[in-house]
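Visitor: Dumping the structure here so I can ask a few things about it.
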């Protein structure tokens, strides 16, 4: 028996990795994705000198992203069972922080530095340099955190290489929606102003790429069990999957097109961002259910395959 056969018959990790994760943990993960996406896009725009020059226009998304990223850290510090660890770090139990947690904590430094340096314009070289550091740290957090519990489950389905790309796209799309909320509430982007079109086109492209990546991942997640098992999971999860996809792509994209030309455009933008958070939370939950099938089903599938 080779290593790959043995890994399919033996448990791949502790019991926590084979049990479905609660909705609260999924919600905190989605909020963290949105927070890092906010920082990444904001830092990229500041580094390139294409973002609005107001000091408040920068501080508001920075603070909002900080709240999203820190939500999981706060829950972990309270040592609630909803989220016992933060990036694999059991806070308050004498455990040393993991490398992933150290990187996540280090990302706060360029965020605070950018908040102190921004002065209503992005011509100062230190502001641009700090913004690029924030982009690199946020991107590193998204990629490195892809090696968590979900990555180990996805590895069994053969889609491990899609996780970093999917996480980065999800973060940019979710963070872009919240950045659009900040911009549309702070600036006058309603009406037929040409300034709104780069936001709309960029977010629509991100929605398209994310839909393609998630659709491919979903098809692969139902690939390896027996045909009966695959059909059963398709029938059980596919309607919820369509609902999640509608909340992630259809509702935000419709709001993107309607928000600048309607009287309630600002609230449509906010509704789009909230719909994305709800849909992505639902989708991660469905992925988790699909990847935590009973061990006996996996063993039966492997026996049938090797005959």
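Numbering (the numbering used here), first residue to last: 23 to 329.
All residues carry an ideal CB built from backbone N, CA and C; glycine is no exception.
According to DSSP, is residue 111 helix, strand or coil?
Guide: Start at 1 with the first residue of the chain shown, and residue 111 comes out as number 89. Residue state, collapsed to three classes: strand.
Visitor: Return the first residue and the last residue of the alpha helix (DSSP H) that residue 269 is part of.
Guide: Here residue 269 refers to the residue found at position 247 when the chain shown is read from its first residue. Neither: residue 269 is in no alpha helix (DSSP H) and is coded neither H nor E.
Visitor: Going by the CB atoms, is the gap between residue 163 and residue 129 shorter than 7 Å?
Guide: What you label residue 129 is simply residue 107 of the chain shown in a count that begins at 1. What you label residue 163 is simply residue 141 of the chain shown in a count that begins at 1. For residue 129 and residue 163, yes; Cβs fall inside 7 Å.
Visitor: In angstroms with no decimal places, state the Cα-to-Cα distance between residue 272 and residue 116.
Guide: Along the chain shown, read from residue 1 onward, the residue named residue 272 stands at position 250. Along the chain shown, read from residue 1 onward, the residue named residue 116 stands at position 94. Roughly 46 Å separates the two Cα atoms.
Visitor: For residue 114, which residues in the same chain have their Cβ closer than 8 Å to its Cβ, ignoring the five residues on either side in sequence?
Guide: Counted from its first residue, the chain shown places residue 114 at position 92. Result list for residue 114: 99 and 101, in chain order.
Visitor: Taking the straight line between their C-alpha atoms, what separation do you get for residue 55 and residue 91?
Guide: By 1-based counting over the chain shown, the position of residue 55 is 33. By 1-based counting over the chain shown, the position of residue 91 is 69. Each residue's Cα considered, the two are about 8 Å apart.
Visitor: Comparing C-alpha positions only, which one of 200, 234 and 186 sits nearest to residue 221?
Guide: Residue mapping note: residue 221 aligns to position 199 of the chain shown, counting from 1. Closest option to residue 221, Cα to Cα, is 200.
Visitor: Do you know how far the Cα of residue 263 is from the Cα of residue 308?
Guide: The residue labelled residue 308 in the question sits at position 286 within the chain shown. The residue labelled residue 263 in the question sits at position 241 within the chain shown. About 7 Å.
Visitor: DSSP three-state call for residue 199: helix, strand or coil?
Guide: Against the chain shown, residue 199 aligns to sequence position 177. Residue 199: helix per DSSP, three-state reduction.
Visitor: Between the C-alpha atoms of residue 107 and residue 284, what's the straight-line distance to the nearest angstrom?
Guide: Looking up residue 107 in the chain shown gives position 85. Looking up residue 284 in the chain shown gives position 262. Their Cα atoms are separated by approximately 43 Å.
Visitor: What does the alpha-carbon distance come out to for the pair residue 288 and residue 118?
Guide: On the chain shown, residue 288 is found 266 positions in, with the first residue counted as 1. On the chain shown, residue 118 is found 96 positions in, with the first residue counted as 1. Taking the straight line joining both Cα atoms gives about 44 Å.
Visitor: Distance check for residue 193 and residue 160, CA to CA, integer angstroms please.
Guide: The residue given as residue 160 occupies position 138 in the chain shown. The residue given as residue 193 occupies position 171 in the chain shown. Going by the C-alpha atoms only, they are around 10 Å apart.
Visitor: Would you report the Cα separation of residue 196 and residue 140, rounded to the nearest angstrom?
Guide: The sequence position of residue 196 within the chain shown is 174, counting from 1. The sequence position of residue 140 within the chain shown is 118, counting from 1. C-alpha separation (whole angstroms): 24 Å.
Visitor: Label residue 148 either buried or exposed according to how many other C-beta atoms from any shown protein chain fall within 10 Å of its C-beta, with 16 as the threshold for buried.
Guide: Taking the first residue of the chain shown as position 1, residue 148 is located at position 126. Exposed.
Visitor: Given residue 93, which residues of its chain have a CB within under 6 Å of its CB, disregarding the five upstream and five downstream residues?
Guide: Numbered from its first residue, the chain shown carries residue 93 at position 71. Once the five neighbours on either side are set aside, the close Cβ partners of residue 93 are 50 and 53.
Visitor: Pick helix, strand or coil for residue 310, following the three-state DSSP scheme.
Guide: What you label residue 310 is simply residue 288 of the chain shown in a count that begins at 1. Note: residue 310 maps to helix in three-state DSSP.
Visitor: Is it right to say residue 71 is buried, meaning 16 or more other beta carbons lie within 10 angstroms of its own, or is it exposed?
Guide: Residue 71 sits at position 49 when you count from the first residue of the chain shown. Under this definition residue 71 is an exposed residue.
Visitor: For residue 103, report the span of its alpha helix (DSSP H) as first-last.
Guide: Counting from one through the chain shown, the residue named residue 103 turns up at place 81. Careful: residue 103 lies outside any alpha helix (DSSP H) and carries neither H nor E.
Visitor: Check this for me: beta carbons of residue 63 and residue 198, under 7 Å apart or not?
Guide: Here residue 63 refers to the residue found at position 41 of the chain shown. Here residue 198 refers to the residue found at position 176 of the chain shown. Yes, they are a contact pair.
Visitor: For residue 337, collect the residues of the same chain with a Cβ closer than 7 Å to its Cβ; drop the 5 residues on either side in sequence, then sort them by chain order.
Guide: A query on residue 337 cannot be resolved here, the shown segment of the chain reaching from 23 to 329 and no further.
Visitor: Between 207, 299 and 191, which lies nearest to residue 234 when the distance is taken from Cα to Cα?
Guide: Taking the chain shown and counting its residues from 1, the one referred to as residue 234 is at position 212. Cα-wise, what sits closest to residue 234 is 191.
Visitor: Measuring alpha carbon to alpha carbon, tell me which residue in 186, 105 and 81 is nearest residue 48.
Guide: On the chain shown, residue 48 is found 26 positions in, with the first residue counted as 1. For the residues 186, 105 and 81, the minimum Cα distance to residue 48 belongs to 105.
Visitor: Can you tell me whether residue 146 is helix, strand or coil according to DSSP?
Guide: The residue you call residue 146 lines up with position 124 of the chain shown. Correct three-state label for residue 146: coil.
Visitor: Report the three-state DSSP secondary structure of residue 274 (helix, strand or coil).
Guide: In the chain shown, residue 274 corresponds to position 252, counting from 1. Helix.
Visitor: Tell me where the alpha helix (DSSP H) around residue 132 begins and ends.
Guide: For this step, residue 132 is matched to residue 110 along the chain shown. It spans 130 to 139 - the alpha helix (DSSP H) in which residue 132 sits, taken as one unbroken run.
Visitor: Using the three-state DSSP reduction, which class does residue 209 fall into: helix, strand or coil?
Guide: To locate residue 209, count along the chain shown from 1; it is residue 187. Reduced to three states, the DSSP call for residue 209 is coil.
Visitor: By DSSP, does residue 72 sit in helix, in strand, or in coil?
Guide: Here the question's residue 72 lines up with position 50 in the chain shown. In the structure shown, residue 72 sits in coil (DSSP, three-state: anything other than H, G, I, E or B).
Visitor: Rounded to whole angstroms, what is the Cα-Cα separation between residue 274 and residue 150?
Guide: As a working mapping, residue 274 is identified with position 252 in the chain shown. As a working mapping, residue 150 is identified with position 128 in the chain shown. Between residue 274 and residue 150, the C-alpha separation is close to 30 Å.
Visitor: Go ahead and pull the three-state DSSP assignment for residue 119.
Guide: As a first step, residue 119 must be located in the chain shown, where it is residue number 97. Of the three classes helix, strand and coil, the one that applies to residue 119 here is coil, per DSSP.
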